[in-house]
Amino acid sequence: MPIVDFHNHVYPPRYVEEIRKGPSAYTVTDDEDGNPVLHSPGDYNILVPGHRLMDVRLGVMDEAGVDTHVITFTAPGTLIETPDRSAELSSRVNDLFAEIQQAHPDRLPALATLPLNKPEACAAELERAVGSLGLKGACVYSNANGVALSDPCFWPMYEIADDRGMAVFIHPTFPLGVEAMKDYMLMPAVGFLMDTTLATASLLFSGVVERFPNIRWVLGHLGGAVPYLAERFDRCYEAFPQCRANLEHHPTVYLKNQFYYDTVNFDVDALHFALNFAGADRILAGSDYPHQIGSMPKMIESINAMELSEDDRTAILGGNAVRLLGL
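To convert, take the position in the sequence shown, counting from 1, and add 86; that gives my numbering.
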């Protein structure tokens with residue numbers, strides 16, 4: 087069974103050229119090594135060669151012993167653009183991802199990105215990206231400039247995902263309350279994880295997860311704090327009528343049956359906690375390559391350090407992703 091890295095990111099060079107040309111809310115500079123640097127409010131991404139050049143990426147994958155990357159765009163994506171420009175650039179990225187996937191179908195399958203700040207465009211773009219371009223699912227961000235993923239404006243998109251039994255990967259973006267996270271890189275250290283947790287709770291208690299039972303949700307960074315707080319979600323369900331109004335079952339029923347959790351948390355004890363919560367068939371290997379905070383070697387080392395049966399280890403390293411996406 088191959089090793090499949092579910093959580094990693096690509097910036098196609100032609101997308102970078104497009105935002106350099108503008109219009110764009112990003113500021114683009116170059117570092118001393120000639121790498122483009124994308125500056126967004128309170129954050130930046132250094133686009134190292136592994137972000138942009140697929141021959142470099144494939145070489146690093148070979149060196150690490152990773153067979154497949156499920157490639158995605160990354161936060162804040164097109165959300166910081168105007169709505170019309172967001173829709174235009176999302177379509178452009180999906181076209182470029184489809185070219186990468188077509189060139190490397192076994193090694194670089196892709197998930198679509200969507201213009202969440204123009205929700206009326208999301209359903210059609212998702213249908214085009216998956217139905218016409220052949221992308222393997224969708225990557226959405228944990229909020230859309232303050233609009234919750236549970237908002238009914240996104241339901242037409244979820245109807246398409248539900249009809250197709252699609253995987254929808256929730257990746258964090260600028261968290262609500264980001265003003266308190268501008269120092270010490272607190273946004274990626276803390277805010278991303280909390281925003282994933284908040285988005286998940288909202289999707290649960292609003293009834294979206296129950297309304298669209300065929301969507302397979304994937305949470306980045308081991309679900310943020312979801313496995314750790316799931317028991318509290320259940321107690322809120324029991325204590326507060328509004329937490330029961332849209333759900334037939336306790337939240338953990340959905341979290342264990344409709345959600346997956348990637349391993350972008352390289353602490354073995356944390357991985358065991360998520361494993362004990364969700365089961366080995368719900369854990370997906372992930373590295374966050376090639377971000378500064380990501381690592382394919384640590385991904386593999388941490389999974390191999392877990393106390394697992396060989397069947398479970400094989401499932402986490404790749405089998406679960408193969409089954410989830412039909413690779």
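Glycine included, C-beta positions come from ideal geometry on N, C-alpha and C.
Just so you know, these numbers come straight off a predicted model, no measurement behind them.
query, result
"Beta-carbon contacts of A207 that lie in its chain and below 6 Å, excluding the five residues immediately before and after", "A173 and P201"
"Per-residue DSSP class, three states only, for H93", "strand"
"H190: first and last residue of the uninterrupted beta strand (DSSP E) it sits in", "First-last for H190: undefined, no H or E at that position."
"Chain-order list of residues whose beta-carbon lies under 6 Å from that of P99 (same chain, five-residue window excluded)", "R138"
"With 16 other Cβ atoms within 10 Å as the buried cut-off, status of P337", "buried"
"contact_flag[the stretch 178-192, the stretch 383-395] where n(CB pairs < 8 Å) is 3 or more", "no"
"Three-state secondary structure (DSSP) of V152", "coil"
"F363 and G306 closer than 8 Å at C-beta", "no"
"Contact check, I301 vs D248, beta carbons under 8 Å", "yes"
"Residues near V90 by beta carbon distance below 6 Å, same chain, minus five either side", "T154, G404 and A407"
"Host beta strand (DSSP E) of T259 (start-end)", "It is not in any beta strand (DSSP E) - T259 carries neither H nor E in the DSSP assignment."
"Minimum length 3: unbroken beta strand (DSSP E) runs contained in the stretch 98-134", "113-116, 122-126 and 129-132"
"Of the listed residues A311, V339, A366 and N332, nearest to D320 (C-alpha basis)", "V339"
"C-beta neighbour in chain D for G108, strict 8 Å", "Annotation note: the requested chain D is absent from the structure, which comprises a single protein chain."
"For V304, the first and last residue of its enclosing beta strand (DSSP E)", "R302 to L305"
"Under the three-state DSSP convention, the category A224 falls into", "strand"
"Member of S218, I157 and P162 whose CA lies at the smallest distance from the CA of D192", "I157"
"Same chain only: Cβ atoms within 8 Å of L308, ignoring 5 sequence neighbours per side", "Y347, D348, T349, V350, N351, A356, L357 and A360"
"Rounded C-alpha distance that separates E317 from V294", "20 Å"
"Selected residue, minimal CA-CA separation from S218, among A198, S228 and P205", "A198"
"Residue closest to P88, alpha-carbon to alpha-carbon, out of Y112, V312 and G151", "G151"
"Cβ-Cβ distance between P242 and N203 below 8 Å", "no"
"Neighbourhood of P383 by C-beta distance below 8 Å, restricted to the same chain and skipping five residues each side", "A150"
"F345, enclosing alpha helix (DSSP H) - first and last residue", "Element bounds for F345: not the alpha helix (DSSP H) but the beta strand (DSSP E), F345 to D348."
"Burial state of I379 (16 or more Cβ within 10 Å)", "exposed"
"Residue environment, E211, which counts as buried when at least 16 other CB atoms sit within 10 Å", "buried"
"Residues that DSSP places opposite Y375 in a beta bridge", "N94"
"H335 classed as buried or exposed, judged by whether at least 16 other C-beta atoms fall within 10 angstroms", "exposed"
"Coarse secondary structure for L235, derived from DSSP in three states", "coil"
"Alpha carbon of V264 to alpha carbon of I369, nearest angstrom", "29 Å"
"Candidates D374, G163, C225 and P205, of which the one nearest F240 by Cα", "P205"
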